[in-house]
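Novice: Here it is, the structure in full.
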Amino acid sequence: MFQFFRLLAVLFVLGVTSPSTNDANAEEGDRVAVQLYIFGAPASEPAEPLKEVLDTVRKAGYEKIQAWLDYYKTEESAEALQGLLKEYDLEMFAAYTGGVMHDNAQAEAAIETILEKAKRG
Numbered sequence: 009m010f011q012f013f014r015l016l017a018v019l020f021v022l023g024v025t026s027p028s029t030n031d032a033n034a035e036e037g038d039r040v041a042v043q044l045y046i047f048g049a050p051a052s053e054p055a056e057p058l059k060e061v062l063d064t065v066r067k068a069g070y071e072k073i074q075a076w077l078d079y080y081k082t083e084e085s086a087e088a089l090q091g092l093l094k095e096y097d098l099e100m101f102a103a104y105t106g107g108v109m110h111d112n113a114q115a116e117a118a119i120e121t122i123l124e125k126a127k128r129g
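In terms of the working numbering, the sequence shown opens at residue 9 and continues consecutively.
Next comes the structure, spelled out in structure tokens:
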């Protein structure tokens, strides 16, 4: 089942935007990032299944990813992610943070959590 979703995700990403067809004025390697959300559960934690996702992303020609800031929830998970990014020569260009921002009390708590995680990355 994962193979099907992986193939579907790669075809979707390559069909919509390919690194070789974007802005001609962009510097090499700065054209586009891949959002790992499209890979589903295998991309949700910096663990073994993420290796296959990152390998697929790299083989597709991408150098940058957008993933979850939750990868930095602990020192251990942050170190695991940094190791994987280095192994696949990728950069985490952006991170999805989540959090309720339309309610002041919840927004303050979310911002505190976001800043705590961001310090690890």
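Ideal Cβ positions, reconstructed from N, Cα and C, are used throughout, including at glycine.
Remember, it's a predicted structure, so these values are computed and weren't measured experimentally.
1) I need the straight-line Cα distance from P57 to A86, nearest angstrom please.
2) Determine the closest residue to E60 out of L93, D111, V40 and W76, with distance taken between C-alpha atoms.
3) To the nearest angstrom, report how far apart S52 and A88 are at their CA atoms.
4) Within its chain, find whatever has a CB closer than 7 Å to the CB of M109; leave out the 5 residues flanking it on each side and keep chain order.
5) Look at the alpha carbon of E83 and the alpha carbon of E71, and state the distance between them as a whole number of angstroms.
6) I need the boundaries of the alpha helix (DSSP H) containing E71, first residue and last residue.
7) To the nearest angstrom, how far is it from the Cα of D111 to the Cα of G91?
8) For K125 versus L62, is the C-beta spacing smaller than 8 Å?
9) Considering only DSSP beta bridges, list what Q43 is partnered with.
10) Determine the burial state of A113: buried for a count of at least 16 other Cβ atoms within 10 Å of its Cβ, exposed for fewer.
11) Is A55 helix, strand or coil when you go by DSSP?
12) Pick helix, strand or coil for Y104, following the three-state DSSP scheme.
Specialist: Answer, in terms of the structure:
1) Within the sequence shown, numbered from 1, the residue matching residue 57 stands at position 49. Within the sequence shown, numbered from 1, the residue matching residue 86 stands at position 78. The straight-line gap from Cα to Cα measures roughly 16 Å.
2) For this step, residue 60 is matched to residue 52 along the sequence shown. Checked all of L93, D111, V40 and W76; the closest Cα to E60 is L93.
3) To locate residue 52, count along the sequence shown from 1; it is residue 44. To locate residue 88, count along the sequence shown from 1; it is residue 80. S52 and A88: Cα-Cα distance of roughly 13 Å.
4) Looking up residue 109 in the sequence shown gives position 101. Cβ-Cβ distances below 7 Å link M109 to A115 and A118 in the same chain, with the five nearest sequence neighbours on each side left out; the list follows chain order.
5) As a working mapping, residue 83 is identified with position 75 in the sequence shown. As a working mapping, residue 71 is identified with position 63 in the sequence shown. Using only the alpha carbons, I get a separation of about 24 Å.
6) Here residue 71 refers to the residue found at position 63 of the sequence shown. Looking at the DSSP string, E71 is not in any alpha helix (DSSP H), and its letter there is neither H nor E.
7) Here residue 111 refers to the residue found at position 103 when the sequence shown is read from its first residue. Here residue 91 refers to the residue found at position 83 when the sequence shown is read from its first residue. Using only the alpha carbons, I get a separation of about 36 Å.
8) In the sequence shown, counting from the first residue as 1, residue 125 sits at position 117. In the sequence shown, counting from the first residue as 1, residue 62 sits at position 54. By the CB criterion at 8 Å, K125 and L62 fall outside the cutoff.
9) The sequence position of residue 43 within the sequence shown is 35, counting from 1. According to DSSP, which records beta bridges pairwise, Q43 is partnered with Q74.
10) The residue labelled residue 113 in the question sits at position 105 within the sequence shown. Per the 10 Å Cβ criterion, exposed.
11) The sequence position of residue 55 within the sequence shown is 47, counting from 1. Three-state result, A55: coil.
12) In the sequence shown, the residue the question calls residue 104 occupies position 96. Three-state result, Y104: strand.
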